[in-house]
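**Student:** Following this message is one structure expressed as structure tokens.
Numbering (UniProt numbering), first residue to last: 1 to 359.
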């Protein structure tokens, strides 16, 4: 099955001319002056990069390992490759077919040695001819990555033959439901130019993917999405509370791109979920001065439901005028109350409520 890939020609397009004129895609990484065809497996490649870039974060090394391994091993002969082209001052796309295995050109200049031969089919496709979902997928900060969503390979093949992207099929199940992940990526790319890092709360990061809790499956999904885009968070978004601030940092840009790459002291490796201690530091807890949220028994039930919906609470304490806890109102208790009373009130149900486990 034919797959589709993007291989960038450098952040400033410095490898475009050589790639188009000599029928190549070129991976970069000018400090890696070793033939990667001699590497046995991915772990040996990682060890090589650790030796060359010993001061860089383990997350950066892991990302670079994945990109170079894909370039050498996973891109197959016959696969389609897309290269963004900017040398004419207009944003174009070059599309070709990979015609051979990885080749190390030892006599070429550093940064031009890791290559794959390509037969370029077109080099003048206007980016506007590509539908937004596929165009957004091409916007990753990575140098080497696969275009796998929404029938990408078939659509790129149509681009070559017809010059127009037919768009995703109606049967595609993995179409992005929101554009926010792409917007986040664009903001990070812009921050590389203006020097202002992208900072947001853990809650805001989760909302980008439509989540409100850091369930294991959610953490795994967001980790994977960030990795595909060459991004990480500092500190890890699994630390702290839901309102903790995190900075989005690029970890996938190649070392010669002129982008500051996190060092090992700045972005240490993250422990696996199994190794993560089940502990909290006092500084990770919400401030004790945070105003308590509650309702009184004579409040309207809508007061409680509105507050719970706005602040994403699962329950609220019910306090009397002297601040004594009478019980709690939760979504479950509200549902049960409506089963027995068409117009339930907090005052009517408080005695029946009991505090539940906080989420």
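No residue lacks a Cβ here, since even glycine has one placed at the ideal position from N, Cα and C.
Assign residue 212 to buried or exposed, taking buried as 16 or more other Cβ atoms, counted over all protein chains shown, within 10 Å of its Cβ.
**Tutor:** Classification of residue 212: exposed, given that the 10 Å Cβ count is below 16.
**Student:** Just to confirm before moving on: does the CB-CB distance between residue 300 and residue 339 stay below 9 Å?
**Tutor:** no
**Student:** Taking 9 Å as the cut-off, decide whether the C-beta atoms of residue 19 and residue 79 are in contact.
**Tutor:** No, the pair does not count as a contact, with Cβ atoms beyond the cut-off.
**Student:** DSSP puts residue 246 in a beta bridge; with which residues?
**Tutor:** 200
**Student:** Quick check: what's the CA-CA separation for residue 178 versus residue 145?
**Tutor:** Annotation note: pLDDT 39 at residue 178 (below 50); position unreliable, coordinate value reported separately. Looking at the two C-alpha atoms, the distance is approximately 21 Å.
**Student:** Please determine, among 22, 24 and 7, the residue with the shortest C-alpha to C-alpha distance to residue 84.
**Tutor:** 7
**Student:** To which residues does DSSP link residue 84 through a beta bridge?
**Tutor:** 93
**Student:** Between which two residues does the beta strand (DSSP E) holding residue 254 run?
**Tutor:** If you look at residue 254, you'll find it isn't in any beta strand (DSSP E); DSSP assigns it neither H nor E.
**Student:** Just verifying my parser: in three-state terms, what is the DSSP assignment at residue 207?
**Tutor:** Look at residue 207 here: in three-state DSSP terms it is helix.
**Student:** Looking at residue 93: is its Cβ nearer than 9 Å to the Cβ of residue 41?
**Tutor:** no
**Student:** What are the start and end residues of the alpha helix (DSSP H) that includes residue 64?
**Tutor:** 58-69
**Student:** Among 97, 45, 62 and 68, whose alpha-carbon lies nearest the alpha-carbon of residue 23?
**Tutor:** 97
**Student:** Could you give the DSSP three-state label for residue 49: helix, strand or coil?
**Tutor:** helix
**Student:** Would you say the stretch 108-127 touches the stretch 50-65, given that touching needs at least three Cβ pairs under 8 Å?
**Tutor:** No, the stretch 108-127 does not touch the stretch 50-65.
**Student:** Measure the CB-CB distance between residue 28 and residue 227 and report whether it falls below 9 Å.
**Tutor:** Between residue 28 and residue 227, the CB-CB gap reaches or exceeds 9 Å.
**Student:** Please report the Cβ distance between residue 238 and residue 203, rounded to the nearest whole angstrom; I am assuming they are in contact, meaning their Cβ atoms lie under 8 Å.
**Tutor:** About 13 Å; that fails the 8 Å criterion.
**Student:** Buried or exposed: where does residue 37 fall if 16 or more other Cβ atoms within 10 Å of its Cβ makes it buried?
**Tutor:** exposed
**Student:** Taking the CB atoms as reference points, tell me whether residue 209 and residue 221 lie closer together than 9 Å.
**Tutor:** yes
**Student:** Taking only three categories from DSSP, how would you classify residue 115?
**Tutor:** strand
**Student:** What residue range does the beta strand (DSSP E) around residue 146 cover?
**Tutor:** 144-147
**Student:** DSSP state of residue 371, grouped into three classes?
**Tutor:** Residue 371 is absent from the structure shown; the chain starts at 1 and stops at 359.
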